[in-house]
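The working numbering numbers the first residue of the sequence shown as 77 and each following residue consecutively.
Ideal Cβ positions, reconstructed from N, Cα and C, are used throughout, including at glycine.
Here is the structure we will look at, set down as structure tokens.
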Amino acid sequence: MTSHRREFYIGNVAKLTGVKIETIRYYEKAGVLTSPARGENGYRLYTKAQIERLMFVKRCRALGFSLSQTLSLLNLANSEGRTCKQISQKAEKQLKDVRTKIEDLRRMEDVLAAYVDACPRDASIDCPIVTALSDVPTL
């Protein structure tokens, strides 16, 4: 942190937010984060507002929003005419997508568990897991 202004170096921002330096730079290049000011030494200096935006992005990404969805949410969040309903609609769509992924993962888990249960776990060469994975459907 600089001594006279509330600006933070990228390393401090990374530690504070838990976002890797490379990821912060990537978000800048992708246009999700605005380019920070540079100090006399050429180092990036981030403001509190930029750090808050980074936290918004980090949390959106943790919830499975794509980078373009995150940018759309950011733009909506920063627009004067936004409504809670607009934000909620995007969150509801993401929730639906997450629930679909969970259902898919549960189906995968069931199939994989059945494969593992069918395996005798002995020294034989024949493995029912390999057989199940390579089985060709009847044509």
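query                                                                                                                                       : result
To the nearest angstrom, report how far apart R120 and Q126 are at their CA atoms.                                                          : 12 Å
Assign P112 to buried or exposed, taking buried as 16 or more other Cβ atoms, counted over all protein chains shown, within 10 Å of its Cβ. : buried
Could you check where the alpha helix (DSSP H) with R175 kicks off and where it finishes?                                                   : C160 to A194
How is the alpha helix (DSSP H) around L139 delimited, first residue to last?                                                               : No alpha helix (DSSP H) contains L139, which DSSP labels as neither H nor E.
Check the DSSP bridge columns for Y122 and list the partner residues they point to.                                                         : F84
Apply the 10 Å Cβ neighbour rule to A208 and answer buried if 16 or more other Cβ atoms are within range, or exposed otherwise.             : exposed
Pull up the distance between the alpha-carbon of E98 and that of L215, whole angstroms please.                                              : 50 Å
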